[in-house]
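Residue numbers (the UniProt record's numbering): 1 to 760.
And the structure:
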């Protein structure tokens with residue numbers, strides 16, 4: 001014990017000789033909070049705390065106090081990312097594949113020969129004998145510095161491993177060492193944390209070496225950082241990683257995509273938990289005051305963005321994009337975040353909107369709707385002011401977008417109304433059917449949407465083609481004189497988002513990618529819109545059979561030119577006439593060969609999904625953005641736009657049961673109990689049919705089943721009758737069937753044979 005204390009004292013003296021870290025290298029040194037006094041109180045407090053919290057699980061001795069050099073007035077973390085308006089999503093993959101950063105000379109590593117097997121044997125011996133000295137020595141040595149971390153975990157200490165493809169980390173050894181760590185005595189765990197602090201306190205000169213990046217990569221995976229008592233150290237680790245150069249981040253991103261799915265998710269969850277608990281601490285006294293550590297959340301979010309970038313580099317991704325959502329953010333003032341982002345972009349003021357991947361779809365919907373409400377109120381107020389200034393009597397109708405249509409001329413009337421009232425599109429929508437009494441309390445609006453969508457998407461109408469193989473609609477490439485009806489469909493989708501209506505339309509994912517290309521309408525009307533990079537995968541989601549044929553062409557092992565006899569030309573039937581189009585100049589004279597077939601397939605896919613439908617999609621794009629013109633669209637992924645328009649495919653019938661209202665029934669009535677027994681036992685397909693029958697869509701609004709306002713009413717008709725639905729009010733009229741068998745039989749017949757939208 002005395003020898004150890006002496007040794008620690010000598011180390012302390014050596015550290016005291018270190019010069020104070022100059023403020024210029026703030027971020028590299030860990031960029032601790034401002035203030036000449038007590039900058040390190042948090043670290044010191046932490047060490048004191050872990051000294052006090054002895055749990056006596058085989059403690060051999062008490063860890064000594066860490067001596068910390070005096071660092072004064074270290075500056076705040078620099079701004080972390082580019083302006084969102086120029087670069088809507090943080091993407092590290094914009095750098096060239098092999099980025100040649102200046103490579104500092106790697107210091108020679110100490111030789112460490114312990115293998116996974118040796119370590120596992122040491123742990124087993126310690127467990128049986130109770131003597132943890134060998135294990136303690138391994139942990140305290142390995143984590144004492146970045147050099148030692150590399151000496152222990154680098155696959156080959158003599159190889160530089162300077163490529164993005166291979167981090168050079170022995171991942172199996174790292175995993176075994178970390179998996180064993182939480183089951184070791186407290187003094188072993190404390191020695192690791194003290195070593196981590198030593199590593200983070202090093203004074204950095206010049207750019208980081210690849211060994212430093214490896215050490216950061218390994219330290220991030222430490223499971224001890226799930227414990228809030230280690231958050232002060234974790235925060236400084238995150239700060240240093242966040243402040244690395246973009247070139248260094250590039251390496252970390254590519255190395256991270258090699259981590260196993262289970263451990264990748266653990267890393268993401270740990271970072272999300274860190275952000276949540278800093279925002280809403282269970283025990284506020286556990287952390288330094290918020291004012292002292294304003295950099296905690298920006299640093300953690302920046303590091304999360306590296307994992308998000310790694311995740312998006314792989315197809316399919318390691319984890320779903322929804323795993324990056326932090327639902328805690330649903331409970332903060334999102335509009336303040338949004339306004340800060342709008343006002344300051346990505347300057348020195350942090351906003352979660354700079355990192356939209358962390359904001360849940362429910363929170364994004366709130367931002368979009370509040371933003372649209374504010375735009376609506378602003379426009380309505382201006383209308384009111386104009387009326388009053390002209391001494392005209394204000395009319396309450398001016399506060400709404402009033403659409404008057406005849407059922408017999410639904411599409412043409414709707415087109416005329418929306419074209420005439422283009423300035424009112426952001427106001428609250430109210431629909432009136434000419435010649436019919438009734439106030440629009442939401443039901444008429446929904447009916448208008450349902451009827452219009454049904455008519456426009458009907459195959460006989462010719463605007464969209466339904467592809468049975470992919471169960472989705474795509475734009476008809478037929479040329480026409482007027483594309484205003486496509487603009488109407490775009491406007492309908494925008495109005496649906498603004499008025500919280502879920503539409504029953506099926507577009508493939510690339511449609512939503514095109515809809516955000518670009519997310520803000522360009523000022524220059526000559527700029528192309530709705531054009532995005534498309535791949536064979538995108539075509540598979542629209543025309544799987546054709547995509548499969550093109551895929552076969554790419555993998556064909558014979559002579560493509562002689563066996564296929566194709567040229568860079570495509571043929572399409574339009575109104576019974578076959579028309580040809582060249583995929584490139586003089587394409588009809590250029591044969592497709594083994595050498596150029598990749599180019600042919602890419603041009604063919606681009607023709608089908610971009611060029612052949614450009615005018616149709618551009619009208620659709622402008623229609624959508626005429627309603628949804630908002631910077632909030634920059635926050636959305638294409639998949640999220642689809643969920644906002646069409647709802648989520650995730651069904652939770654138990655949640656629907658909890659949120660259902662009743663009219664003429666009590667939830668304890670026998671018929672209702674039969675109903676839920678039957679519905680909860682349905683296959684997913686039948687559950688979707690029921691939802692479609694009752695609401696006009698088999699998808700769920702963003703807010704979940706509670707937002708459906710689903711109602712079951714008692715039908716006073718004979719029990720021989722089938723159930724009836726009022727889709728405009730999400731209402732199911734159910735006769736009081738005598739037994740469960742009869743109810744199930746009638747319900748299945750009703751939902752399986754409903755024509756169209758089951759409108760009544």
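In this text, a Cβ means the ideal position worked out from N, Cα and C, and glycines have one as well.
Are the beta-carbon atoms belonging to residue i and residue j less than 9 Å from one another?
| i | j | result |
| --- | --- | --- |
| residue 357 | residue 304 | yes |
| residue 366 | residue 403 | no |
| residue 148 | residue 142 | yes |
| residue 257 | residue 310 | yes |
| residue 225 | residue 274 | yes |
| residue 560 | residue 553 | yes |
| residue 494 | residue 425 | yes |
| residue 334 | residue 361 | no |
| residue 501 | residue 457 | no |
| residue 171 | residue 109 | no |
| residue 279 | residue 322 | no |
| residue 132 | residue 184 | yes |
| residue 644 | residue 702 | yes |
| residue 214 | residue 287 | no |
| residue 689 | residue 752 | yes |
| residue 198 | residue 276 | no |
| residue 714 | residue 642 | no |
In three-state terms, what does DSSP make of residue i?
| i | result |
| --- | --- |
| residue 280 | coil |
| residue 219 | helix |
| residue 556 | coil |
| residue 172 | helix |
| residue 567 | strand |
| residue 599 | helix |
| residue 663 | strand |
| residue 35 | Confidence is the limiting factor: at residue 35 the pLDDT is only 33, short of 50, which leaves the residue's position unreliable, though a coordinate-based value still follows. Note: residue 35 maps to coil in three-state DSSP. |
| residue 572 | strand |
| residue 580 | strand |
| residue 591 | strand |
| residue 72 | Unreliable placement is indicated for residue 72, whose pLDDT of 33 sits below 50; no coordinate value is reported for it. |
| residue 29 | Note that residue 29 scores a pLDDT of 32, beneath 50, so its modelled location is shaky; the value from the coordinates is reported in the next line. Residue 29: coil per DSSP, three-state reduction. |
| residue 405 | strand |
| residue 433 | strand |
| residue 421 | coil |
| residue 114 | coil |
| residue 480 | coil |
| residue 308 | helix |
Assuming the contact rule is C-beta atoms closer than 8 Å, residue i and residue j should be a hit. Round their C-beta distance to whole Å, please.
| i | j | result |
| --- | --- | --- |
| residue 654 | residue 635 | Actually they do not touch by this definition, with Cβ atoms about 31 Å apart. |
| residue 188 | residue 135 | 6 Å |
| residue 678 | residue 743 | 6 Å |
| residue 616 | residue 507 | At roughly 13 Å, the Cβ-Cβ gap does not stay under 8 Å, so residue 616 and residue 507 are not in contact. |
| residue 646 | residue 503 | 6 Å |
| residue 668 | residue 710 | So it is not a contact: roughly 18 Å between Cβ atoms. |
| residue 584 | residue 568 | 5 Å |
| residue 725 | residue 694 | 5 Å |
| residue 736 | residue 721 | Between residue 721 and residue 736 the Cβ distance is about 11 Å, and since that is not below 8 Å, they are no contact. |
Leaving aside the five residues before and after residue i along the sequence, list all residues of the same chain whose C-beta is less than 7 Å from its C-beta, in chain order.
| i | result |
| --- | --- |
| residue 451 | 410 |
| residue 271 | 300, 303, 304 |
| residue 544 | 469, 470 |
Give every residue of the same chain whose Cβ lies closer than 6 Å to the Cβ of residue i, excluding the five residues on either side of it in the sequence, and list them in chain order.
| i | result |
| --- | --- |
| residue 529 | 618, 621 |
| residue 513 | 532, 638 |
| residue 46 | Summary for residue 46: the model assigns pLDDT 46, below 50, so the residue's position carries little reliability, and this model does not support an answer. |
| residue 283 | none |
| residue 212 | 146 |
Which residue or residues does DSSP assign as beta-bridge partners of residue i?
| i | result |
| --- | --- |
| residue 585 | Answer is none; residue 585 lacks a bridge partner. |
| residue 472 | 467 |
| residue 400 | 428 |
| residue 548 | None, per the DSSP bridge assignment. |
| residue 254 | Beta-bridge pairing links residue 254 to no other residue. |
| residue 725 | 732 |
| residue 648 | 700 |
| residue 714 | 734 |
| residue 298 | Bridge partners of residue 298: none, in fact. |
| residue 154 | 169 |
Going along the chain, which residues of its own chain have a beta-carbon closer than 8 Å to the beta-carbon of residue i, five neighbours each way excluded?
| i | result |
| --- | --- |
| residue 418 | 403, 425, 488, 491 |
| residue 398 | 380, 383, 384, 387 |
| residue 217 | 167, 169, 252, 255, 256 |
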